[in-house]
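Keeping their order, the protein sequence lines are chains A and B. All residue numbers for the first sequence refer to the numbering used here, where the first residue is 7 and numbers rise by one. All residue numbers for the second sequence refer to the numbering used here, where the first residue is 7 and numbers rise by one. Glycine is no exception: its CB is placed at the ideal position from the N, C-alpha and C atoms.
2 protein chains.
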Amino acid sequence: MSAHILIVDDEAAIRDMVRMALEIEGYQVSDASNAHQALKLLEQNDIDLMLLDWMMPGVSGIDFASRIRREGNHQVGIIMVTAKDDENDLIRGLDVGADDYIRKPFSTKELISRMNAVLRRLSNDSSANDVVSAGKITIDTNQHRVLIDSKNVDLSPTEFRLLHFLLSHPDRVFGRDQLLDNVWGDQVYVEDRTVDVHIRRLRKVLKPYECDEYINTVRGVGYRFSLQPT
Amino acid sequence: MSAHILIVDDEAAIRDMVRMALEIEGYQVSDASNAHQALKLLEQNDIDLMLLDWMMPGVSGIDFASRIRREGNHQVGIIMVTAKDDENDLIRGLDVGADDYIRKPFSTKELISRMNAVLRRLSNDSSANDVVSAGKITIDTNQHRVLIDSKNVDLSPTEFRLLHFLLSHPDRVFGRDQLLDNVWGDQVYVEDRTVDVHIRRLRKVLKPYECDEYINTVRGVGYRFSLQPT
DNA sequence: AGTCATTGTCACGAGCCTGTAATATAAGCT
DNA sequence: AGCTTATATTACAGGCTCGTGACAATGACT
């Protein structure tokens, strides 16, 4: 049950504080002050989850994360830690492959809760398959690919996450705020109606394959992915 | 559904502004200008969420929050409200047990969004599948679908809520005002007679499936859902 | 610098919902 | 029956929701 956490932050004060909080919670903790050091620890140990500071001298957190994901050697959860207010950066973090992000200042309670959520998700997904499919659509999370009739379909990052979420929870209606929480993340603040626009973009892409019907509008409530017609 | 929010801020102008915004959104709102007053309100009422100003004369928001958490008597969500100037290394990462932070100045939209996120997290929404059925009718709340003879039936939002409520309380008569409270919500003001119209619309939709008989009129009292004929 | 992809927001319009009033019908009572 | 009250039905106007195209901002890439 006890997971191995790697803290990557250039500020010693923060490393120490977080380390203490996590050790109290019973986690095994390592830390690193830069990306180079972190990579070494990743290779030498079984790290389950990495808390990665966004701003670091040298290789930044985001570069490091994207490198880890691109190489795909390490099956490690990544939570980005950022002091930035800018939500665009947060979204970029998700696109790069972070599992979650948390803003400074954060409470240890929130941190623990997010860590557990990510760890739970990882242990579920890795045991199961990373491939989800419904109808003609197949999504390969590892390769970040969507196949329809064994043909490659190009999706933007947000479209991908949106489709992936809907497809992994079929036959269930989600309100716009729920979709924002689950697809955009609960720290990102955007308009409700933005969901509509992305739903539309998704439908547009799926239309040539006649899969746009899978996405139902439930008036007054939200959207639903379902194979059966309305 | 409607949560009870407590605003704690020493500035009356801010209290009033936030209160107005929240009341428009349908929240129940209380406010306090200091920690002492806030504690009283916490003890006397069921507060779901507290908006707590970071800087206050006397007992500061920080002290108050950490005291609440230390004592652990109150299961209340806390969103700390901080000013931009407060952001320094001392505060960053400080753990007082708040569930979220928001920086002044904030838009009401962002505030609402964060509040909902915290409230949702607290209530730990158990997504138990909510399926009710009676006779040939089956209602799946998660899918937001109504099935009769395993066929999909289209209902408008209000029709859906009305049928769902009646069907979940079979063989019981409800007056129009009771229906208004439970289906429309206790903050909405509409005419009694409106219920009649919606009952009619519901019956119309159910008629092709011969389910309109399930909805009985009880003269002088109200309506009842029942499988047995009158 | 320039181009392209992505994304959040807005504005407009079509169509669906909904509350209400007006009228018709039914039920109860003397 | 005749009167009174309660409910059913219809029509309608205003409001709201959603789909859609346009646009600006941002960042990646050349």
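Cut-off 7 Å between Cβ atoms - residues of its own chain near residue i, not counting five sequence neighbours on either side
i                      : result
residue 173 of chain B : 138, 140, 143, 145, 231
residue 151 of chain A : 158
residue 181 of chain B : 227, 228
residue 1 of chain B   : This structure cannot settle anything about residue 1 of chain B, because the visible part of chain B is limited to 7 through 236.
residue 205 of chain B : 221, 229
residue 28 of chain A  : 11, 35
residue 128 of chain A : 83
residue 223 of chain A : 229
residue 118 of chain A : 31
residue 59 of chain B  : 14, 15, 16, 67, 87
Residue i: contacting residues in chain B (beta-carbon distance under 7 Å)
i                      : result
residue 226 of chain A : 163
residue 236 of chain A : 158
Opening and closing residue of the beta strand (DSSP E) in which residue i lies
i                      : result
residue 34 of chain A  : 34–38
residue 233 of chain B : Segment: none, residue 233 of chain B is in no beta strand (DSSP E) and carries neither H nor E.
residue 58 of chain B  : 55–59
Chain-order list of residues whose beta-carbon lies under 8 Å from that of residue i (same chain, five-residue window excluded)
i                      : result
residue 211 of chain B : 159, 160, 161, 165
residue 123 of chain B : 106
residue 94 of chain B  : The predicted model places residue 94 of chain B with a pLDDT of 45, which falls under 50 and marks its position as unreliable; any figure quoted below should be read in that light. Nothing listed; no residue qualifies.
residue 235 of chain B : 219
residue 194 of chain B : 186
residue 47 of chain B  : 12, 36, 38, 53
Host alpha helix (DSSP H) of residue i (start-end)
i                      : result
residue 10 of chain A  : Segment 10–14 is the beta strand (DSSP E) holding residue 10 of chain A; no alpha helix (DSSP H) there.
residue 179 of chain B : Here residue 179 of chain B belongs to no alpha helix (DSSP H); instead the beta strand (DSSP E) covers 179–181.
residue 17 of chain A  : Run containing residue 17 of chain A: none; DSSP gives neither H nor E here.
residue 46 of chain A  : 41–50
residue 5 of chain B   : Nothing can be reported for residue 5 of chain B, as the shown portion of chain B is limited to 7 through 236.
residue 175 of chain A : No alpha helix (DSSP H) contains residue 175 of chain A, which DSSP labels as neither H nor E.
residue 202 of chain B : 199–212
residue 117 of chain B : 114–129
Spatial neighbours of residue i in its chain, beta-carbon cut-off 6 Å, leaving aside the 5 residues before and after
i                      : result
residue 21 of chain A  : 13, 15, 37
residue 167 of chain B : 189
residue 148 of chain A : 136
residue 24 of chain B  : 13
residue 30 of chain B  : none
residue 82 of chain A  : 53, 56
residue 201 of chain B : 182, 185
residue 45 of chain B  : none
Near the ligand COA: residue i beta-carbon under 7 Å from a heavy atom
i                     : result
residue 11 of chain A : The ligand COA is absent from the structure shown, which contains no ligands of any kind.
Which of helix, strand or coil DSSP assigns to residue i
i                      : result
residue 228 of chain A : strand
residue 108 of chain A : strand
residue 156 of chain A : coil
residue 88 of chain B  : strand
residue 143 of chain B : strand
residue 135 of chain B : coil
residue 70 of chain B  : helix
residue 24 of chain B  : helix
residue 222 of chain B : strand
Contact list for residue i against chain A, beta-carbon separation under 7 Å
i                      : result
residue 119 of chain B : 195
residue 104 of chain B : 113
Interface residues of chain B facing residue i [CB-CB closer than 8 Å]
i                      : result
residue 230 of chain A : 149, 150
Where residue i meets chain A, residues with beta-carbon distance less than 8 Å
i                      : result
residue 116 of chain B : 195
residue 122 of chain B : 183
Contact set between the stretch 176–195 of chain A and chain B, restricted to residues whose Cβ is under 7 Å from the partner: Interface annotation for the stretch 176–195 of chain A against chain B: 177, 178, 179, 183, 187, 192, 195, criterion Cβ-Cβ distance under 7 Å.
Where the stretch 195–226 of chain A meets chain B: residues whose CB sits under 7 Å from a CB there: Listed in sequence order: 195, 224, 225, 226.
Contacting positions in the stretch 136–149 of chain B - beta carbon closer than 9 Å to chain A: Those residues of the stretch 136–149 of chain B that come within reach of chain A (Cβ to Cβ, closer than 9 Å) are 146, 147, 148, 149.
The stretch 20–46 of chain B: positions lying closer than 8 Å to chain A by Cβ: Within the stretch 20–46 of chain B, no residue qualifies.
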